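Each residue of the sequence shown is one higher than the last, beginning at 92 in our numbering. Using N, Cα and C, we set each Cβ at its ideal position, and we do this for glycine too. Just so you know, these numbers come straight off a predicted model, no measurement behind them. Below is one structure, written out as structure tokens, with a few remarks after it.
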Amino acid sequence: MKTTLTTKLQQELHHKISGKTKPPGSLGRLEDIAMTVGLIQGSISPSINFPHIIVFAGDHGIAATGLVNPYPQSVTAQMVLNFIHGGAAINVFCRQHGIQLLVVDAGVNYEFDESVTRSSLFVDAKIGYGTRNYLEETALTSQQVNAAIAKGKEIVAKVHSTGCNCIGFGEMGIGNTSSASLIMAASMGLPVEACVGKGTGANQEQMDLKIKTLQEAFNRRAPLMNHPLSALEILSNFGGYEVAMMVGAYLEASRLKMVTLVDGFISTAAFMIAYSMDPRIMMNSFFAHTSEEQGHEKMLKYLRAKPLLNLHMRLGEGTGAALAIPIIQSAVNFLNEMASFESAGVDNKN
92 MKTTLTTKLQ QELHHKISGK TKPPGSLGRL EDIAMTVGLI QGSISPSINF PHIIVFAGDH
152 GIAATGLVNP YPQSVTAQMV LNFIHGGAAI NVFCRQHGIQ LLVVDAGVNY EFDESVTRSS
212 LFVDAKIGYG TRNYLEETAL TSQQVNAAIA KGKEIVAKVH STGCNCIGFG EMGIGNTSSA
272 SLIMAASMGL PVEACVGKGT GANQEQMDLK IKTLQEAFNR RAPLMNHPLS ALEILSNFGG
332 YEVAMMVGAY LEASRLKMVT LVDGFISTAA FMIAYSMDPR IMMNSFFAHT SEEQGHEKML
392 KYLRAKPLLN LHMRLGEGTG AALAIPIIQS AVNFLNEMAS FESAGVDNKN
């Protein structure tokens with residue numbers, strides 16, 4: 092709900108944007124972004140300070156069956172090591188754009204040694220060694236869901252205390268596109284098949300098996316769930332530690348009025364859960380890009396979200412968010428640094 096102060100600030104931001112040495116609206120969506128960041132921060136001179144990407148990692152019990160993923164479950168831990176050693180795409184983009192990266196072990200089915208746990212990039216928040224197999228039982232207990240959400244909030248609060256006011260979230264977990272597909276189906280009331288994509292690169296035969304397996308899991312779990320479905324129940328049945336932790340991260344980032352970047356398919360599934368718990372999170376969130384995962388565009392339409400980029404990406408890791416942060420920074424910079432017609436001595440239109 093708009094207050095008098097919000098309306099006044101919006102008018103001041105509009106006046107400042109309109110007064111820059113350019114035709115009205117000629118910076119397109121950058122003008123909308125500048126307005127939004129100003130409203131988030133309650134300032135006509137907003138700033139982006141110490142931007143972070145947090146990658147939450149966790150394993151999924153369904154992945155151990157090999158029914159939904161072409162890559163073995165061991166890849167989750169191996170990719171965490173790759174993040175720590177600086178070799179992943181998210182490392183490259185964070186280095187390029189001056190973004191601080193953190194990698195969170197939310198529930199990887201692996202015991203990392205001290206060479207990893209001592210890294211400044213690593214956060215040990217492990218709640219369990221992978222989820223349970225939702226073909227057989229709920230993926231997470233309600234206690235595990237609540238613990239993961241609380242830990243996500245705690246991690247974001249700690250990052251915020253360092254002076255960070257801009258944050259994006261990514262994920263790593265073999266099998267987590269399957270989790271996201273089931274979350275999407277349950278949240279939006281769509282057929283499972285409409286929510287399933289290729290994930291880490293399934294061929295058609297693997298896709299058919301993936302859809303069949305996820306439909307079976309949904310059919311087994313759905314009759315045991317309360318209706319209407321609650322966010323926590325959906326997370327308990329189909330979620331992952333990394334997904335639940337990201338839900339808490341979104342909620343805390345919103346509470347702290349941080350500029351928040353939503354990445355791709357899995358990150359948006361977590362956002363949908365968080366949004367159902369507190370719709371106010373939309374006010375401080377930017378959707379970084381449209382993923383090539385077939386369900387993502389449907390999610391974005393459901394949320395009425397306008398992503399900043401469409402680069403046909405489907406990697407995850409927070410890579411889309413890392414590429415979008417410089418766009419946010421550019422919007423803030425033009426607002427703060429571009430001359431006005433008055434200061435530059437340039438005649439405005441009549």
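Check                                                                                                                                               : Outcome
Between G133 and L406, what straight-line distance do the alpha-carbon atoms span, to the nearest angstrom?                                         : 34 Å
Please say whether A413 and F184 have beta carbons closer to each other than 9 Å?                                                                   : yes
Distance, Cα to Cα, L121 vs I175?                                                                                                                   : 33 Å
Can you check DSSP and say which residues form a bridge with G264?                                                                                  : Partner(s): none; G264 has no beta bridge.
Would you please verify whether the beta carbon of I265 is less than 9 Å from any beta carbon of chain D?                                           : Structure shown: chain D not included; a single protein chain is present.
Considering only C-alpha positions, which residue in the set P282, Q295, I145, A238 is nearest to G219?                                             : A238
CA-CA distance, A293 and M275?                                                                                                                      : 19 Å
If I follow the unbroken alpha helix (DSSP H) through I364, where does it start and stop?                                                           : 356 to 368
For the putative contact between F378 and K397, defined by C-beta atoms under 8 Å, what is the C-beta separation to the nearest angstrom?           : 7 Å
Could you give the DSSP three-state label for T222: helix, strand or coil?                                                                          : coil
Considering only residues of the same chain and omitting the five flanking positions on each side of N439, which have a CB-CB separation below 7 Å? : F432
Suppose you measure from the CA of A180 to the CA of T410; what does that come to, to the nearest Å?                                                : 7 Å
Could you tell me the boundaries of the beta strand (DSSP E) in which T472 lies?                                                                    : It is not possible to answer for residue 472, since the shown part of the chain is limited to 92 through 441.
Taking buried to mean at least 16 other C-beta atoms within 10 Å of its own C-beta, is G288 buried or exposed?                                      : buried
Kindly indicate which residue of T98, I124, Q102, E103 has the alpha-carbon position closest to the one of F425.                                    : I124
Less than 9 Å between the beta carbons of I265 and Q164, yes or no?                                                                                 : yes
Return the first residue and the last residue of the alpha helix (DSSP H) that H387 is part of.                                                     : 385 to 394
Do you know how far the Cα of A155 is from the Cα of L212?                                                                                          : 27 Å
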